[in-house]
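**Student:** Below you'll find the structure I mean.
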């Protein structure tokens, strides 16, 4: 598990640990999961990430 204080495996805010674990279960690398989970700390950041993901899914023809 990634450290909540930093260290060998990186850093993930304690409030974002659930997001990190979910991404890891879906197959994301440790660094990618940490980067994504930390990026959405505030509501505006999460909204921006959600819009970006929706655009990506729409462009690739995937739905959901």
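In my numbering, the protein residues as written are 17 to 80.
Just so you know, even glycine gets a beta-carbon here, dropped at the ideal spot from N, CA and C.
Bear in mind that the values here come from a model prediction, so they are computed numbers and not experimental data.
Count the C-beta pairs between the segment 67-75 and the segment 27-46 that are closer than 8 Å, then say yes if the count reaches three, no if not.
**Tutor:** Here the segment 67-75 makes no contact with the segment 27-46; the two share fewer than three CB pairs at distances below 8 Å.
**Student:** Taking the alpha helix (DSSP H) that residue 68 belongs to, which residues open and close that run?
**Tutor:** The residue given as residue 68 occupies position 52 in the chain shown. 59-76 is the extent of the alpha helix (DSSP H) around residue 68.
**Student:** Rounded to a whole number of angstroms, what is the C-alpha to C-alpha distance between residue 58 and residue 75?
**Tutor:** As a first step, residue 58 must be located in the chain shown, where it is residue number 42. As a first step, residue 75 must be located in the chain shown, where it is residue number 59. When rounded, the distance between both Cα atoms is 26 Å.
**Student:** Can you list, in chain order, the residues of its chain whose CB lies under 8 Å from that of residue 32, leaving out five sequence neighbours each side?
**Tutor:** As a working mapping, residue 32 is identified with position 16 in the chain shown. Contacts found: 53, 54, 56, 57.
**Student:** By DSSP, does residue 49 sit in helix, in strand, or in coil?
**Tutor:** To locate residue 49, count along the chain shown from 1; it is residue 33. In this structure, residue 49 counts as helix in the three-state DSSP scheme.
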